[in-house]
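K.L.:
Here it is, the structure in full.
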Amino acid sequence: MLPGILVPLSFFLMVFGIVYLIYSTRNRERLALIEKGVDASIFLEGKAKGVPAWKIFVVNLAFLLIGGGLGIFIALLITTYTSLNDDAVYPSIIFIMSGVGLLIGFRTAKDLDKEQ
Numbered sequence: 001m002l003p004g005i006l007v008p009l010s011f012f013l014m015v016f017g018i019v020y021l022i023y024s025t026r027n028r029e030r031l032a033l034i035e036k037g038v039d040a041s042i043f044l045e046g047k048a049k050g051v052p053a054w055k056i057f058v059v060n061l062a063f064l065l066i067g068g069g070l071g072i073f074i075a076l077l078i079t080t081y082t083s084l085n086d087d088a089v090y091p092s093i094i095f096i097m098s099g100v101g102l103l104i105g106f107r108t109a110k111d112l113d114k115e116q
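Position 78 of the sequence shown, counted from 1, bears residue number 78 in the UniProt record's numbering, the numbering being contiguous throughout.
Structure follows, in structure tokens:
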């Protein structure tokens, strides 16, 4: 019973610790820059440029899922019309097509960033 509780609890504590470390470090860096007299507008410079991160994430996720679906379909066709082993064909084709989907998503996201 105890390990069943410790695993989710330790996972939650790990995620909380990472998030806390990121925010506290960022806050310290900003306070140090403000103490040196640097203008606070430098914190907003990176946010005005480019495409929002959620759009890039959605594009990459969409192409990843499309690649995975195509991988399953192509693996089905290969195993139906050849005598190759199912255990080797399905994972390999799914990973290959998912990688191709991520590559296409990366290039599409790069093109979106050029338009802005």
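Glycine residues also receive a C-beta, built at the ideal position from the N, C-alpha and C atoms.
Start and end of the alpha helix (DSSP H) containing T25?
P.N.:
Note, T25: alpha helix (DSSP H), L2 to E35.
K.L.:
Could you check whether the segment 34-41 touches the segment 55-73, counting it as contact only if at least three pairs of C-beta atoms, one from each stretch, sit closer than 8 angstroms?
P.N.:
As far as the Cβ criterion goes, the segment 34-41 does not touch the segment 55-73, which means the pair count is below three.
K.L.:
Taking DSSP as the reference, what is the three-state secondary structure of S83?
P.N.:
Of the three classes helix, strand and coil, the one that applies to S83 here is coil, per DSSP.
K.L.:
If you compare alpha carbons, which of N85, I78, V7 and L103 is closest to I56?
P.N.:
Closest option to I56, Cα to Cα, is L103.
K.L.:
Given this structure, state the Cα-to-Cα distance separating Y81 from V19, to the nearest angstrom.
P.N.:
Rounded to the nearest angstrom, the two C-alpha atoms are 50 angstroms apart.
K.L.:
Just to confirm my understanding: we take G68, look at its own chain, exclude 5 residues before and 5 after, and list those with CB closer than 8 angstroms. What are they?
P.N.:
For G68, where only same-chain residues beyond five positions count, the Cβ hits under 8 angstroms are I94, M97, S98 and G101.
K.L.:
Using the C-alpha atoms, what's the distance from G105 back to A53?
P.N.:
Rounded to the nearest angstrom, the two C-alpha atoms are 13 angstroms apart.
K.L.:
So, are the CB atoms of L112 and V51 less than 9 angstroms apart?
P.N.:
Yes.
K.L.:
In three-state DSSP terms, what is V59?
P.N.:
The answer is helix: DSSP assigns V59 an H, G or I state.
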